[in-house]
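Keeping their order, the protein sequence lines are chains A and B.
31 is the number of the first residue of the first sequence in this note's numbering; add one for each residue after it.
484 is the number of the first residue of the second sequence in this note's numbering; add one for each residue after it.
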Amino acid sequence: MATPIIELQGITKTFGTGAGAVTALKDVDLTIYEGEIFGVIGLSGAGKSTLVRCINLLEKPTAGKVIVNGQELTALSQKELREQRRSIGMIFQGFNLLMQRSVLDNVCFPLELCGVGRKEARVKAQKLLERVGLESKKDAYPAQLSGGQMQRVAIARALATDPKVLLCDEATSALDPTTTLSILDLLKELNRELNVTVVIITHEMKVVEAVCNRVAILADNKIEELGTVEEIFRQPKSLAARQLIVPGSQAPSRESFGAGRFWRLTFDGSEKTEQPLVAEMVLRTGAPVNIVFADTRALNGRIYGQMILQLPENELAVTEMGRYLTESGVSFEEVI
Amino acid sequence: MQLTEMLSLIVKGFWETLYMTLGSTIVAYALGLPLGLLLVLTDPKGLKPMPVFNRVLGIVINLLRSVPFIILLVWVMPVTRAIMGTTIGSKATLVPLFIAAAPFIARMVESSAREVNQGVIEAAQAMGASPWEILVKVILPEAKPSLIVGAAIAVTTILGYSAMAGIVGGGGLGAIAINYGYYRSNSNVMLVMVVLLVLIVQVFQEVGTRIAQRLDRRIRERD
């Protein structure tokens, strides 16, 4: 895990010139190691897609160095770059299959570009289709497939040239949750069995949570935070990370609750899942509360998120509850 | 005029029309297809950006396209004479037809090529395809159905132009319509010619559409 395979050094990317110039990336440094599944997460407009396109130079950085597999791509000629791109596979949100070619011929396409003979290419493509579980669809055309199947074909195609790196640009964003999980499982399996380094660009935390070892949080065109997925989840330092990780950042507005008093309880991971906090509080005070909103999740046995409780009318009980929560180390505030 | 005489005239005119239309279309594609692709390729955002060249080519094509065909017919007569040795007959008409059709075809090809999903082109680039490979292995095959529909439109448009050539001594059904129908005020001949031209257009359009549909793999066979 110690050999770097992708190194970005001081990558800046600006689109346009003069007053209309837009900066997509500002002096980004990033090292991804061999065999990792690395996530890059950020809200839209953060520069994620530009970042992944800088890895295979689909976007030429305005400044900085890109080193993949020991080769400084930014120093290569067009021809040499095309050669190197064969060791970097890529899949996309829109699948980007050749619609006029059959599934098998789609997988053959990159082999054709490398000058592999037709027969040999077909044999290899067939094996790859078996690998992604689509051998029965080899003569079908992309338009006849579902989104998940198309992404599997795209993965088979991306792997045809035995790349060391697989770049995934929002590869599951157009898929439903079940299909997303099956594609992520496939990526995980390929990473394990072929030792291909996977870079996943996404705006969904659940994707990172499901497969990534390390994650970089991209906000305002730079890397705000970087670490193992557990670290970032346990203790998100930056605002961007908290926005992405702590669910329920956008709780419903006060007006929607109606009359009464409400408290917002925030769980920052210091509570353990085995502790029946709300139930305990109700038992202790003898007064019921009404959970009007809750968005929490358990990560490594700890609770993150928030919950909004409607308080009983009994003032004494409310005071008691406040004391209990303070004792338990749960921060709470009145929702006004 | 005898009916048999008229019939043989029409048959001759029919073949002349086909000869002029298809002949000039084929030659015009030989120039228009590469020009159309060049327009896409050299676009400032294209695979081989050459903004100045692209601009100049675009202007030249627009200039040629903005000359009304009837005026072009007369203007290019010296060129026609130099190439074909004559300005009369269907063979001579090929020259102005070609000059009018090539820029039109270039624009049709350009629009078909631009329809190809940018993402697919990007995917090919990511796989290490060269601009030439992308052109030959991605853009042309992916645009094929649209190119065929475009060809049907081009043929029918050029057929319309060819009918005008009768005015300056060209051949074909258009010439018969003008010489016998218009100058001699024979409305029956005029009607027959128009009906024939309409039928030819229908056939070309229908054949083009069918071929394009049959070849297009984006259409689901069953759902």
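The beta carbon of each residue, even a glycine, is placed where N, CA and C say it ideally should be.
Scanning chain A for C-beta atoms nearer than 7 Å to the C-beta of G611 (chain B) yields R112, E113, R115, R116 and L143, reported in chain order.
Around R701 (chain B), the beta-carbon contacts reaching into chain A at under 7 Å are M129 and A173. G654 (chain B) has its alpha-carbon roughly 10 Å from the corresponding atom of M647 (chain B). Close to chain B, meaning a Cβ-Cβ distance shorter than 7 Å, are the following residues of the stretch 88-99 of chain A: L88. Rounded to the nearest whole angstrom, the C-alpha separation of V638 (chain B) and P527 (chain B) is 30 Å. In terms of Cβ geometry, W293 (chain A) and E350 (chain A) do not form a close pair [threshold 9 Å]. Each residue's CA atom was taken as its position, placing T508 (chain B) and F581 (chain B) some 7 Å apart. Taking a 10 Å sphere around the C-beta of V599 (chain B), we find 16 or more other C-beta atoms and assign the residue as buried. Residue contact with chain A for A606 (chain B): present (Cβ-Cβ distance below 9 Å to some residue of chain A). Across the set B:I617, B:A634, B:V684 and B:V632, the C-alpha of B:I617 shows the shortest separation from the C-alpha of L530 (chain B). For D215 (chain A), no beta strand (DSSP E) segment is defined; the enclosing uninterrupted segment is the alpha helix (DSSP H) at P207 to L224. Assigned with DSSP and collapsed to three states, M337 (chain A) falls in strand. In this structure, the beta-carbon distance from V245 (chain A) to G75 (chain A) does not fall below 9 Å. Contact between the stretch 502-522 of chain B and the stretch 323-336 of chain A is absent: fewer than 3 CB-CB pairs across the two stretches fall below 8 Å. Taking 9 Å as the threshold, the shortest C-beta distance from G633 (chain B) to chain A does not fall below it. Put simply, of B:R700, B:W498 and B:G611 the residue whose alpha carbon is nearest the alpha carbon of S107 (chain A) is B:G611. In the DSSP assignment, V229 (chain A) falls outside any alpha helix (DSSP H) and within the unbroken beta strand (DSSP E) covering T227 to T232. Of all residues in the stretch 140-164 of chain A, the ones placed with a Cβ closer than 9 Å to any Cβ belonging to chain B are P140, E142, L143 and C144, in chain order. Chain order gives the chain B residues near F122 (chain A) as G602 and A606, where near means a beta carbon separation below 7 Å.
Residue state for E64 (chain A) is assigned as coil, using DSSP reduced to three classes. Segment contact: the stretch 625-638 of chain B against the stretch 96-112 of chain A, fewer than three CB-CB distances shorter than 8 Å; contact not assigned. For the 9 Å CB-CB criterion, L55 (chain A) and I41 (chain A) form a contact.
Here C138 (chain A) carries a helix assignment [DSSP, helix/strand/coil]. Taking 9 Å as the cut-off, the Cβ atoms of I659 (chain B) and G643 (chain B) do not count as close. About 20 Å separates the CB atoms of D192 (chain A) and F122 (chain A); that is not less than 8 Å, and the two are not in contact. Under the DSSP assignment, L248 (chain A) falls in the beta strand (DSSP E) whose first and last residues are R244 to A249. Here the stretch 82-95 of chain A does not lie against the stretch 256-271 of chain A, with fewer than 3 beta-carbon pairs under 8 Å apart. DSSP lists A:T296 as the bridge partner or partners of S361 (chain A). In the displayed model, M120 (chain A) falls within a strand according to three-state DSSP. Partner residues in the beta bridge of Q101 (chain A), as assigned by DSSP, are A:V98. Within the same chain, P34, I36, E37 and L38 come within 8 Å of T61 (chain A) by CB-CB distance, once the 5 residues on both sides are set aside.
Nothing from the stretch 191-222 of chain A brings a Cβ to less than 7 Å from some Cβ of chain B. Within 8 Å of the CB of N251 (chain A), no CB atom of chain B is found; the nearest one sits about 21 Å away. Ranked by Cα distance from F587 (chain B), the options B:V557, B:N545 and B:R564 are led by B:N545.
Judged by DSSP secondary structure, C84 (chain A) falls within the alpha helix (DSSP H) whose first and last residues are K78 to I85. Rounded to whole angstroms, the Cβ separation of V183 (chain A) and V133 (chain A) is 5 Å, and the two are in contact under 8 Å.
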